[in-house]
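Read in the numbering used here, the sequence shown has 291 at position 291, and its numbers run on one by one without any break.
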Amino acid sequence: MAINLDPKDYYRLPWSLTDNAICWLEPTWKCNIYCQGCYRINDPRGHKSLEQIKTELDVFRKFRITDGISIAGGEPLIHPDIVEVVRMVASDGTKPVINTNGVALTEELLMELKQVGAKGFTFHVDSKQQRAHWKDKSEMELCELREQLAEMVHRAGGLSCAFNSTVYDDTLQYVPDLVEWAQKHIDKVHVMVFIAYRAADADGRFDYYAGGEKVEMDEVPYVVEDEVRKEIQSTDIYERLQERFPDFDTAAYLNGTHKPDSFKWLLSGRIGTKDRIYGYVGPRFIEASQALHHLRHGHYLAYTDPKVHRRGKAMLLVSLIDKKLRKVARKYLLAALKNPLRLFKRLHYQSIMMIQPIDVLDDGSQNMCDGCPDMTVLDGKLVWSCRIEEPLQYGCFVQSIPKKNRSLESETAK
Ligand code: SF4
1 MAINLDPKDY
11 YRLPWSLTDN
21 AICWLEPTWK
31 CNIYCQGCYR
41 INDPRGHKSL
51 EQIKTELDVF
61 RKFRITDGIS
71 IAGGEPLIHP
81 DIVEVVRMVA
91 SDGTKPVINT
101 NGVALTEELL
111 MELKQVGAKG
121 FTFHVDSKQQ
131 RAHWKDKSEM
141 ELCELREQLA
151 EMVHRAGGLS
161 CAFNSTVYDD
171 TLQYVPDLVE
181 WAQKHIDKVH
191 VMVFIAYRAA
201 DADGRFDYYA
211 GGEKVEMDEV
221 PYVVEDEVRK
231 EIQSTDIYER
241 LQERFPDFDT
251 AAYLNGTHKP
261 DSFKWLLSGR
271 IGTKDRIYGY
281 VGPRFIEASQ
291 ALHHLRHGHY
301 LAYTDPKVHR
311 RGKAMLLVSL
321 IDKKLRKVAR
331 KYLLAALKNP
341 LRLFKRLHYQ
351 SIMMIQPIDV
361 LDDGSQNMCD
371 GCPDMTVLDG
381 KLVWSCRIEE
391 PLQYGCFVQS
401 IPKKNRSLES
411 ETAK
């Protein structure tokens, strides 16, 4: 049975269209590998010019208050001016975080990026990618690569390190193992992100219209019909994690634009060491960190410095207002009473995020992330980065209308 979370038990992240923790910059259309389900396949458009990138940054600055900009793509590290791009993002104090597959990352490039202001890396690594030197590796075999990348970032110091994986029906089973792996590297890995694979119309339920004209969507990779792949939800990932770790809990979320009780983003935070997780923070902890950051800096918090992640003990003070954190503090103190040496070990904070992109509901409405953090720029406007192919191909976002014969079928069945 699918798990049923009550939104009232969690903190709704306060992010909106104009005041958001994150923006999403795509400096290039090109990529150096292929990942299943990606919309950047052999894209002929190449790299954007620095002038074009500056214009896009100006759009963010005009419309959106933000903490950080995810520099994605395509593969951002193959942009010939990536160092300059990072410098441009950082020039007004915005935190640049590079979303990369890591293939083109060298120690030298990493240091250069750090020097011009990069605050962190989010590495996309999963078994559905076609990587030249990691062919046919299983999800867990790829932890060797994850470890190499995490080590490289750790050696440079002062940079946040996150990993994301797209989760498919057949890789869902490995999510708990990956979370276990992340615990073993809690001193170096700050965030794990799991993105539920969504084929917007896996079973061909809809017709599509752009500006009143019917269009064929066969060219758009996320609307392909595929009998093998099955859609999963963020709560499926949550459920898997709770099966393995009965204490696993979440603290905050973003709901859907059309389905208020859908969890488009689920955010969990845990405190522990490589050997032991003491527990999960509650909604008040996230609320306090978002609200206080906004009061102090004028924007919500997206990326935290690794040295903040190392202050797990100081975070326990927030247990004064967060009852779930009180449980963590109690567990930690009891463990320390049994073995006082534990007091000398650093406590780390690690985030686990579960994201569920677009769902098309039965009536054709498109349930997006309310307060979408990953808005990018197209033709001077903010657009959902996950659906940018639609305005590119059809000039506008596409409407999905339930197929007539389907509604007739269901009418007849009644
Ligand atoms: S709406 Fe799309 S682009 Fe925005 S956060 Fe959700 S999945 Fe990402």
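For glycine and all other residues, C-beta sits at the position ideal for the given N, C-alpha and C.
Nearest by alpha-carbon distance to residue i: which of the options is it?
i	options	result
residue 101	150, 386, 330	150
residue 24	136, 376, 251, 191	376
residue 307	251, 349, 345	349
residue 379	52, 244, 47	52
residue 98	46, 45, 161	161
residue 146	158, 122, 169	122
residue 423	78, 93, 344	The question about residue 423 has no answer here: the residues shown for the chain are numbered 1 through 414.
residue 420	26, 50, 260, 403	There is simply no residue 420 to check, as the chain begins at 1 and stops at 414 in what is shown.
residue 261	247, 233, 270, 205	233
residue 298	181, 94, 11	94
residue 142	109, 21, 270, 182	182
residue 314	286, 347, 300, 288	347
residue 77	106, 55, 385	106
residue 283	204, 157, 322	322
residue 393	45, 194, 6, 153	45
residue 367	258, 351, 386, 110	258
residue 352	96, 169, 180	180
residue 194	205, 210, 169, 289	169
residue 389	61, 96, 74	74
residue 249	268, 264, 235, 382	268
residue 264	2, 196, 155	196
residue 79	63, 90, 109	109
residue 84	62, 230, 49	49
Under DSSP, the beta strand (DSSP E) around residue i begins and ends at which residues?
i	result
residue 17	No beta strand (DSSP E) holds residue 17; DSSP gives it neither H nor E.
residue 353	348-355
residue 207	206-210
residue 382	381-384
residue 215	213-215
Quick one: what's residue i bridged to in DSSP?
i	result
residue 196	167
residue 101	In DSSP, residue 101 forms no bridge with anything.
residue 24	70
residue 271	279, 349
residue 161	121
residue 400	208
residue 248	DSSP lists no partner for residue 248.
residue 375	384
residue 263	255
residue 95	68
residue 31	According to DSSP, residue 31 bridges with nothing at all.
residue 188	In the DSSP output, where bridge partners are listed per residue, residue 188 has none listed.
residue 47	28
residue 136	DSSP lists no partner for residue 136.
residue 6	Paired residue(s): none; residue 6 is not in a bridge.
residue 360	366
Span of the alpha helix (DSSP H) holding residue i?
i	result
residue 297	283-297
residue 63	50-63
residue 154	143-156
residue 337	323-338
residue 82	82-90
residue 110	107-115
residue 237	234-244
residue 368	Run containing residue 368: none; DSSP gives neither H nor E here.
residue 179	175-184
residue 393	389-394
residue 315	312-315
residue 128	Unbroken run through residue 128: none, as it is neither H nor E.
residue 306	306-309
Does the ligand SAH have even one heavy atom less than 6 Å from the beta-carbon of residue i?
i	result
residue 165	The ligand SAH is not among the ligands present in this structure, which contains only the ligand SF4.
For the region 320-339 and the region 364-371, state whether three or more C-beta atom pairs, one from each stretch, are separated by less than 8 Å. no
Stretch pair the region 100-116 + the region 58-70: three plus CB contacts closer than 8 Å: no
Who's in the neighbourhood of the ligand SF4, going by beta-carbon under 5 Å from any heavy atom, listed in chain order? 357, 368, 369, 372, 374, 384, 385, 386
Tell me, please, whether the region 168-175 touches the region 235-250 by the rule of three or more beta-carbon pairs shorter than 8 Å. Pairwise C-beta distances place the region 168-175 in contact with the region 235-250, as three or more of them are shorter than 8 Å.
For the pair the region 279-291 and the region 180-196, tell me if three or more CB-CB distances fall below 8 Å. Touching, no.
Segment contact flag, the region 8-26 with the region 243-254, C-beta cutoff 8 Å, min 3 pairs: yes
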